[in-house]
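Right, one structure below, let's go through it.
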Amino acid sequence: MNGKPRIGVYVCHCGTNIAGTVDVEEVVRFAQTIPDVTVARNYSYMCSDPGQALIVDDIEKMGLNRVVVASCSPRMHELTFRKTLNGAGLNPYFLEMANIREQCSWVHEDSIAATEKSKRIIEAAVVKARRLEALDQKEVDVEPATLIIGAGIAGIQAALDIADAGFKVYLVEKSPTVGGHMAQLDKTFPTLDCSACILTPKMVDVANHPNIELMTYSKVEDISGYVGNFDIKVRKKTRYVDVSKCTGCGDCASACRQAGRFANEFDEGMGMRGAIYLPFPQAVPAKYTVDKESCLFLSKGKCGETPKCLEACQPKAINFELEDEIVDFKVGTIIVATGFDVFDATLKPEYAYGVYDNVVTALEFERMVNASGPTGGKVVMLERGKKKKKKKEGEEEEAPKVPESVTFIQCVGSRDKSVGNEYCSRVCCMYTAKLAHLVRDKAPDAEVTVFYMDVRAFGKGFEEFYDRVRREGVRYIRGNPSEIYRKNGKLIVRAEDTLTSTPLEHETDMVVLSVGLCPRTDTRDVIDLLKLSQSSDLFYLEAHPKLRPVDTASDGVYLAGVCQGPKDIPDAVAQAKGAASAAMIPMASGKVKVEAQTSIVDETTCRGCGFCVEVCPYTAIELVEINRMGWHVKAARVNEALCKGCGACAAACLSGSIQQRSFKDLQLLPQIQALGVK
Amino acid sequence: MVDITKLRDIAKEVISRDDVRQVIGYRPGTYGFRARPAFVLEPADADELIFSPACINNLATYIVIEEKLPVPRGQEPDSRKVAVMVKGCDSRAIIQQLEEKAYDRDHVLVLGIPCEGVVDMDKVNARFPNVDKGDIALEGDKFVISFNGTKEEVAKDELLADKCKRCRYPTPLVSDEMLGDEVERFADDDFSDVEVLEKKSRDEKWAYWEEKFSRCARCYACRNACPMCYCEDCVLTRLEPMWMRRSVDISENTAYHIARAYHLAGRCIQCGACEQACPMDIPLMDLNRKFYKDVRELFDYEPGTDAEQPPLLSTFSVDDREDFIL
Amino acid sequence: MAEATKTAEATKTDFEPNIVAFLCNWCSYAGADLAGTSRIQYPPNVRVIRVMCSGRVNPLFIMNALQQGADGVLISGCHPGDCHYMQGNYFARRRFNLMRNFLEYVGIEPERVRMSWVSASEGAKWKGVIEEVVEGIKSVGPMDSFKRRQLNW
């Protein structure tokens, strides 16, 4: 593709999106005057079939060797038009996009200014296009394995799908068991399936699947490489229990001197556990874990004469000498399924969570209504933080009181600018309805009230379920409570019924806060590992909100579940299956295209100073000895498989000897010149 | 001060070694008070070597600008060492060159000259104009200027080069052999000269620099004299891509001087060779020193003091200042 | 004298600056795109050059843009820690800091030379940045000190 540049400029109307503000005819007339522009046209939708055909036709008939498309952002359609060029036999990197929509017509109302700006943008694209070069897009082999971070329902589902398809899966979970938040739920809305009954079989499956290597109580420490060839380093934290010997019998837990002294995370702190514990009976793997902080022996160095667990353990699985293990492996793709945290209700002090015993979060309530939960599934009044009196011989245990009234408050930490969460958590309306229904079920005499802003019953079967719950006698009051306080042993919820504009004070025994879903507090850890972006709600950002909802900006890295944004179980499962199939595409094809806009060194001028070697974050550059007219000198050399095309080396080089393809100095300087003109 | 006899003896001994190709030192110039570089290729050449306060050139430059002519096929390039005499400031150039992998450490044999300061030749020439041939020596706190059979003493401060008044490293930081006793630091750098310029108003600043830059004849002497400017093909004078035109014009000259100074950011070792070489008296060190000051204040970085430290602009600290970022 | 000041003031306010901006592909360019998708209106004075990473921006580009006629230059990248290429924005920050100080030293107003962190989700911030940069440059007037005056050839 040598010889004089013959450039075609195509100005897109994008319906009225561009043409409504920018005088496209005028822009085309201008484009025709730019040197080396062979043809300039405008068309209603360049990305449409006939639009693309215009380009193909001109390439074939007019011998164009460069194409400038002035339309939307290259982030939108650069790939589309590269394929168009490729289809017409032109190297796809002879395309330059001029973004006159997102960064011009959509942001400037003034037609004259927008038209002038479009001209400048297009001229800058043309002068760059003039200097574009053909690039060779290389392919590399893909390691047929996936790393999945997080083993909640999304991670589990993605793991099973990929493993069933015959690829290797490394499933890494931070906590001692798989299952995530779904394992804590009692029933699921709106069908009232028992959460555990549908989840635990899948939990067992991931543990037993021959293609899945499950790593619980583990943390991904380092990720390097690129799509097809990621190098992963995982720290398997020691449980101080030899998992190959542990039978899960539980003798150790009952023997532990600290038994029942610590809040059990799984029960949201409502149940108790010892220093050695199994989070819950169906935990997978069913292996006990010693909590380093709460274990007397590990934290204080002494636990009686000998730790009782050691004596109790028949298979001799407990070993305090065990250390963390570091595992390295390679994968081709990565799925992030790290889930969420529930909103910290103490951030809404007006609801007095943590002040009054019977103001609870929905997740705590979920544990309460669960048959294997801390109250054995009974809805009862709580006396938190109070030491249980020792039972005297023959004394009947005082039965806990059943609340006469239970009140739910929706949108706690959702749709609330005051706590920085503008988004709707999408599950609270329905889980509130579900929990309200369960109260009707378990404490039929209790009066149930729900304070809400709006009820969003958008999903399949949601509206019907909401109707059913209301018919069951659950009272819905539209209004966001402003305060909860205590009077005469009762909780008073102060609110305004916004439908009737009546202020009211609602007396109740128990308040359940329908807390929203939040990005995890350790969100940054994964960002540091993978350089994911966050959307304004601080959940991970997908590559495109509509068309690439499971992809990320990093090739080969996909999102599944709530880590991308609040969603319910079926949506999380659907996204997990989507992420699984997305991850399997490069693995099934076995090849993946690597960055073509890599750096290149002019060895005749390179000083061999190594500045570029130093700045390269991918160690893609090394100094090698070359022969320059008989002299043995050092020069930089780029490993194109490792280079990701950031161009930091090019800015560090003093002699201009290392350049990033498609972003070379001789391509950018004319752009600067074109934009400098008034 | 350095004993000249000892200096010559050592040079003879060094050039006699099989693994040394040449010794670069100083010898008297042909006119006025100047000394000039001497390239000693055989022992006899060493007899003309000197060291005096007139030895202002930074000889480290010659290590890197030597033209590498094509080596005939079947032959190997001469890989013998280059021995070079360096003052304190010059030695920092060697350290910086090593940091930038310009050559291997064993390529050079460094003969260190502890230095009590050199003259500013412009000041000498202004005070003693039209002298055919003269010598300068330093005795205590006085320069002794001798010419035409006369001797004159001038207070050291009056003729001392500005860079020496701020010198923090009078004794070379790297050497294989030291040609004299260590000289204790007799000055320090408070950057008051830079601050004076920093305090000017924006209009005064540009007026000041516009006048300086407009003098530039684009002879590139500053670049050629600089021990850190040794690219095979200077990017600032390349035709493609063209960073600036080569015409003499305030716009192009300004671009050249900004770019030249920036290329030395974190690399300039304050030897003053550029300013010394400038025929148009452009205060190039004022430009270099702004970067030098900022680099030290913002990043606690002093170029040419440690060959192992990473190049300033190829590294970062997460805590680098960013109060200027929107 | 009063007249002259008046005219100078008038040109300063009437003057529409021309700003060349270098945006990294992953954060700031995406953020500017988001401003577009959200139809957030901002002054049309900024013209964008897309680079993959702010680390690609050679500070000499700033000098070059000012020489070629830009009244100001903006470099925008990912927030610290968010760089798609892990570190590029840190290099950019360090290089930029030195260059901006230096330009000020030779008489180029720092208002002309700006840097920002704009993430892919900060469409609204992008607008704010543009407004602040435009306003800053308007306050110092057209770039004339070393702008190239020769005819293009």
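Chains A, B and C, in that order, give the protein sequences. If you want the working numbering, it's the position in the first sequence, counting the first as 1, plus 27. If you want the working numbering, it's the position in the second sequence, counting the first as 1, plus 767. If you want the working numbering, it's the position in the third sequence, counting the first as 1, plus 124. All residues carry an ideal CB built from backbone N, CA and C; glycine is no exception.
- The Cβ of W150 (chain C) sits closer than 8 Å to at least one Cβ of chain A.
- For N654 (chain A), the enclosing beta strand (DSSP E) covers residues 648-655.
- Listed along chain C, the residues sitting closer than 7 Å to P644 (chain A) by beta-carbon distance are Y209, M210, Q211.
- DSSP places Y479 (chain A) inside the beta strand (DSSP E), whose first and last residues are 474-479.
- Under the 8 Å Cβ criterion, the segment 485-498 of chain A does not count as touching the segment 513-520 of chain A, having fewer than three qualifying pairs.
- Contact of R238 (chain C) with chain A is not assigned, every C-beta pair being separated by 8 Å or more.
- Fewer than three pairs of CB atoms, one per stretch, sit closer than 8 Å, so the segment 135-154 of chain C makes no contact with the segment 1079-1091 of chain B.
- Taking H203 (chain C) as the centre and dropping the five residues before and after it, the same chain places the C-beta of W241, S243 closer than 6 Å to its C-beta, in chain order.
- Under the Cβ criterion of 8 Å, S200 (chain C) is not counted among the residues facing chain A.
- Listed along chain B are S1018, each with a C-beta nearer than 7 Å to that of K271 (chain C).
- At least one CB atom of chain A sits nearer than 8 Å to the CB of Q842 (chain B).
- Taking a 10 Å sphere around the C-beta of K835 (chain B), we find fewer than 16 other C-beta atoms and assign the residue as exposed.
- Pairwise C-beta distances place the segment 123-131 of chain A in contact with the segment 41-50 of chain A, as three or more of them are shorter than 8 Å.
- Going by beta carbons, G207 (chain A) and A178 (chain A) fall inside the 8 Å limit.
- Listed by position along chain C, the residues whose Cβ is nearer than 8 Å to that of I880 (chain B) form an empty set, because the closest Cβ is around 32 Å away.
- Taking C-alpha positions only, A1026 (chain B) is separated from V153 (chain A) by approximately 27 Å.
- For D85 (chain A), the enclosing alpha helix (DSSP H) stretches over residues 76-89.
- What Y229 (chain C) touches in chain A, judged by beta-carbon distance under 8 Å, is nothing: the nearest beta carbon there is about 21 Å away.
- Three or more Cβ pairs drawn from the segment 214-230 of chain C and the segment 668-680 of chain A lie within less than 8 Å of each other, which places the two stretches in contact.
- In this structure the segment 1048-1059 of chain B lies against the segment 973-988 of chain B, because at least three pairs of beta carbons, one per stretch, are closer than 8 Å.
- About 19 Å separates the beta carbons of D929 (chain B) and S819 (chain B), which is beyond the 8 Å limit, so they are not a contact pair.
- In its chain, beyond the 5 residues on either side, T173, V196, A607, A610, M611 have a beta carbon closer than 7 Å to the beta carbon of I189 (chain A).
- Taking the Cα positions, F1066 (chain B) is about 27 Å away from L1003 (chain B).
- A straight-line Cα-Cα distance of about 58 Å links L226 (chain A) and Y1068 (chain B).
- Under a criterion of Cβ atoms nearer than 9 Å, the residues of chain C adjacent to S560 (chain A) are, in order, W150, C151, A154, C202, D206, H208, S243, A244, S245.
- CA-CA distance, V134 (chain A) to I254 (chain C), rounds to 12 Å.
- In this structure Y458 (chain A) does not touch D564 (chain A) by the C-beta definition: roughly 19 Å separates them, more than the 8 Å allowed.
- Distance between R284 (chain A) and K335 (chain A), taken at the CA atoms: about 7 Å.
- For V253 (chain C), the chain B residues whose Cβ falls inside 9 Å of its Cβ are L1093, in order along the chain.
- With its beta carbon less than 8 Å from one in chain C, I554 (chain A) belongs to the interface.
- Under the three-state reduction of DSSP output, A850 (chain B) falls in the strand class.
- Look at C636 (chain A): its C-beta is under 8 Å from a C-beta on chain B.
- Using a CB distance below 7 Å, the part of the segment 185-198 of chain C facing chain A consists of F185, N188, A189, Q192, G193, A194, ordered along the chain.
- Contact of Q698 (chain A) with chain C by beta-carbon distance below 8 Å involves I173.
- With contact defined as three or more Cβ pairs closer than 8 Å, the segment 255-264 of chain A and the segment 290-302 of chain A are not in contact.
- DSSP places D902 (chain B) in the uninterrupted beta strand (DSSP E) bounded by 901-906.
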